[in-house]
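For the sequence shown, position 183 (counting from the first letter as 1) is numbered 183 according to our numbering, and the numbering increases by one without interruption. Even glycine gets a Cβ: it sits at the ideal position worked out from N, Cα and C. Please read these numbers as outputs of a predicted model, since none were measured by experiment. Working notes for the structure below.
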Amino acid sequence: MMSEAVEFDYVIGGAGSAGCVLARRLADAGNRVLLIEAGPRDNSWVIRMPAGLRSIFKPSSRYNYWFETEPQRNLGNRRIQQPRGRVLGGSSSINGMTWLRGHPLDYERWEKEGATGWSWKDCLPYFRKIERSDVVSAYRGTDGFIHAQRQEHLCPLNQAFLDAGVEAGFSLTDDVNGYRQEGVSRFEMSVDHGIRNSAAYGYLHSRRDDGNLTIWTQSTLEQINLIGNKATGFKVLRGGTAVNVTARKETLLCAGVFGSPQLLMLSGIGPGDHLNEKGIVPRVESPGVGENLQDHLECHIQIETREPVSLNRELQLHRMLWAGVQWFGSKSGIASVNQCHVGAFLKSAPHIPHPDIQFHFFPVFFNKDWIPTRQTNGYRIGVGPMRPTSRGRVRLQSRHAEDPLSIDPNYMNTDEDWRVMRESVRLGLLFSRQPAFRRFHYREDMPGVDVSSIAAVDEFIRMDASSAYHPCGTCKIGTKHDASAVVGPDLKVRGVERLRVIDASVMPSVPSANINAATIMLAERASDLVLGRPAMQAQPLQFAA
Numbered sequence: 001m002m003s004e005a006v007e008f009d010y011v012i013g014g015a016g017s018a019g020c021v022l023a024r025r026l027a028d029a030g031n032r033v034l035l036i037e038a039g040p041r042d043n044s045w046v047i048r049m050p051a052g053l054r055s056i057f058k059p060s061s062r063y064n065y066w067f068e069t070e071p072q073r074n075l076g077n078r079r080i081q082q083p084r085g086r087v088l089g090g091s092s093s094i095n096g097m098t099w100l101r102g103h104p105l106d107y108e109r110w111e112k113e114g115a116t117g118w119s120w121k122d123c124l125p126y127f128r129k130i131e132r133s134d135v136v137s138a139y140r141g142t143d144g145f146i147h148a149q150r151q152e153h154l155c156p157l158n159q160a161f162l163d164a165g166v167e168a169g170f171s172l173t174d175d176v177n178g179y180r181q182e183g184v185s186r187f188e189m190s191v192d193h194g195i196r197n198s199a200a201y202g203y204l205h206s207r208r209d210d211g212n213l214t215i216w217t218q219s220t221l222e223q224i225n226l227i228g229n230k231a232t233g234f235k236v237l238r239g240g241t242a243v244n245v246t247a248r249k250e251t252l253l254c255a256g257v258f259g260s261p262q263l264l265m266l267s268g269i270g271p272g273d274h275l276n277e278k279g280i281v282p283r284v285e286s287p288g289v290g291e292n293l294q295d296h297l298e299c300h301i302q303i304e305t306r307e308p309v310s311l312n313r314e315l316q317l318h319r320m321l322w323a324g325v326q327w328f329g330s331k332s333g334i335a336s337v338n339q340c341h342v343g344a345f346l347k348s349a350p351h352i353p354h355p356d357i358q359f360h361f362f363p364v365f366f367n368k369d370w371i372p373t374r375q376t377n378g379y380r381i382g383v384g385p386m387r388p389t390s391r392g393r394v395r396l397q398s399r400h401a402e403d404p405l406s407i408d409p410n411y412m413n414t415d416e417d418w419r420v421m422r423e424s425v426r427l428g429l430l431f432s433r434q435p436a437f438r439r440f441h442y443r444e445d446m447p448g449v450d451v452s453s454i455a456a457v458d459e460f461i462r463m464d465a466s467s468a469y470h471p472c473g474t475c476k477i478g479t480k481h482d483a484s485a486v487v488g489p490d491l492k493v494r495g496v497e498r499l500r501v502i503d504a505s506v507m508p509s510v511p512s513a514n515i516n517a518a519t520i521m522l523a524e525r526a527s528d529l530v531l532g533r534p535a536m537q538a539q540p541l542q543f544a545a
């Protein structure tokens, strides 16, 4: 059954990190905006509480799509989990809240790859605009919608990680989001006074209701409506009824790294041969749709400790009850922060221009399903390459929006990715064997086998590596001369009028860090493009390679 069409100035398909930013900025500018989300609202305590992460980061969660890849031939034919947010705020409502920008040279690379106007000096003012950081420097923002804070007190294992890095020969860096990324450092988290500071929390919940912004949840995008080569809005399934929503000005697709290429292809925009194969009439030939998929992989060093110095001790029933009392009562205590407070950015070789390895440190011992154990204390270091050279793709398996996608990241398909991952594992083990950690050390759980030979470390990588959950690139920005580019630097879809893609799918290459901050920055910059406003003044601050 089809209901009558509804009309807005802008219609935004997808209320993830980017969609929430755009909705706020466009509505604040006096436009009537419709924001469409397939999942529910984000008002559950398991989303608001930072420690609720493990309750939503699982297949049974109603807030999580929980995609899986095709079997990965370079990883023991395993399917790799790819959770994505299905809730207001998207993946910013289910992620680990680690707030990192990446390296300035990542954005210089974007510009070289065809993203004109997206260099470091162009992006920096938008990074500053989005954040309210506790770190005071010329590189950081002070009044944005995302609060970036550090954990005030480090537990013994977090401090041991920083000390071990120095003992291993690496430097401490004051702020990985500032002048120098390389080294070991305290990380920031997107948490505001004990509450997860998702894009929805920051940009939508603080907005006064003036009638300009309408939010539809539990509403599924079916296709982009086209008249000729002009986008007019979306067909949406809402409450069992198909609704045509019309955009007077522009249609903005923000469905994410998997959802955006899916909807383009379902609407006839994509590689013609593939569309014909699925029974979809090609409307616009765009061979790059769904291509260029990139992601970060991590392997894991895990050590059991002699003493109960890890966060596992907080899983004792009386401690969990007290944590709940503290959080529900005053948004304080162990439940009010995330689990990753320190980490590192390192180079895999001296000639590498800027760090290409990232460490996430967790003062927690996990089982194989990333569930913290009550019986065992310890810590885990996630280690892996940040600039993978392997490229994958997303493809349709049918012409129906509700059917699963074929997601093939093609992980570890180059010699360079193997080299950097081997070095990541070596450096992770080096950290774990420093004096700062040795006093806590009881046994090595992972790898747990001799990995002194290349063959042994490769087997460990094949059977242990998993996604760090930073997929991007499937609708990449590029120049008009790049046939594989889906959008131009203005984020307009090539060959289609009044349609833009604005989310992590447009990144031409993955930043050298977690990507949520970059996605929110991208959407802030995009809001100026959509509104026809001049870009913020470029800030060519120096940085260390």
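Under the three-state reduction of DSSP, Ile146 is assigned to strand.
Contact check between the segment 506-525 and the segment 93-111: three or more CB pairs, one atom from each, fall below 8 angstroms, which counts as touching. By the Cβ-count criterion, Tyr411 is buried, with 16 or more other Cβ atoms from all chains shown falling within 10 Å of its own Cβ. Looking at Ala168, Ile215, Val420 and Phe258, the one whose alpha-carbon comes closest to that of Leu34 is Ile215.
Going by C-alpha positions, Glu188 is about 7 angstroms away from His341. For Asp9, same chain residues with a beta-carbon under 8 angstroms away, outside a window of 5 residues either side, are Leu26, Asn31, Arg32, Val33, Ala247, Arg248 and Lys249 in chain order.
Bounds of the alpha helix (DSSP H) holding Tyr107 are Pro104 to Lys112. In the DSSP assignment, Glu423 falls within the unbroken alpha helix (DSSP H) covering Asp415 to Ser432. Non-local C-beta neighbours of Gln434 in its own chain, meaning closer than 7 angstroms and more than five positions away in sequence, comprise Ala164, Glu167 and Ala168, ordered along the chain.
Leu88 carries a coil assignment under DSSP once its states are collapsed to helix, strand and coil. DSSP places Arg196 in the strand class (E or B) of the three-state scheme. For Ile303, the enclosing beta strand (DSSP E) has its first and last residue at Leu297 to Thr305. Ranked by Cα distance from Glu182, the first of Leu499, Gly343 and Ala138 is Gly343. Between the beta-carbon of Val510 and that of Asn338 there is about 21 angstroms, and that puts the pair past the 8 angstroms contact cut.
Looking at the backbone, the Cα of Arg140 and that of Asp134 are separated by about 9 angstroms.
According to DSSP, Asn244 shares a beta bridge with Lys235.
Judged by their CB atoms, Leu221 and Ala401 are nearer to each other than the 8 angstroms cut-off.
Judged by DSSP secondary structure, Gly19 falls within the alpha helix (DSSP H) whose first and last residues are Ser17 to Asp28. In the three-state scheme derived from DSSP, where H, G and I count as helix and E and B as strand, Asp450 is classed as coil. Per DSSP, Leu321 is not a residue of any beta strand (DSSP E); the alpha helix (DSSP H) it occupies stretches across Leu317 to Ser330. For Ala344, the enclosing beta strand (DSSP E) has its first and last residue at Val342 to Leu346. Counting only runs of 3 or more residues that sit fully inside the segment 117-195, the beta strand (DSSP E) segments are 131-133, 146-150, 183-186 and 188-192, in chain order.
Note that the C-beta distance between Tyr63 and Ile94 is below 8 angstroms. Residue Ala465 holds the alpha-carbon nearest to the alpha-carbon of Gln72 among Tyr469, Gly488 and Ala465. Membership of Val501 in the beta strand (DSSP E) is indicated by the continuous run Leu499 to Val501. Ranked by Cα distance from Ser398, the options Arg391, Ser406 and Pro125 are led by Ser406. In this structure Thr389 is not in contact with Glu304, their Cβ atoms being roughly 35 angstroms apart against a cut-off of 8 angstroms. Excluding residues up to 5 positions away in sequence, Cys472 and Gly473 lie with their Cβ nearer than 6 angstroms to the Cβ of Met507 in the same chain.
Under the three-state reduction of DSSP output, Arg393 falls in the strand class. Taking all protein chains in view, the Cβ of Trp118 is crowded by 16 or more other Cβ atoms within 10 Å, so the residue is classified as buried. Three or more beta-carbon pairs drawn from the segment 420-436 and the segment 454-462 are found closer than 8 angstroms, and the two stretches are therefore classed as touching.
For Asp209, the secondary structure class from DSSP, reduced to helix, strand or coil, is coil. The alpha-carbon separation between Ile80 and Gly211 amounts to approximately 43 angstroms. Taking a C-beta distance under 8 angstroms as the contact criterion, Ala15 and Gly90 qualify as a contact pair.
Between Asp408 and Gly392, the C-beta spacing is below 8 angstroms.
Sequence-distant Cβ neighbours of Ala456 in its own chain, meaning closer than 7 angstroms and more than five residues away, are Val449 and Asp450.
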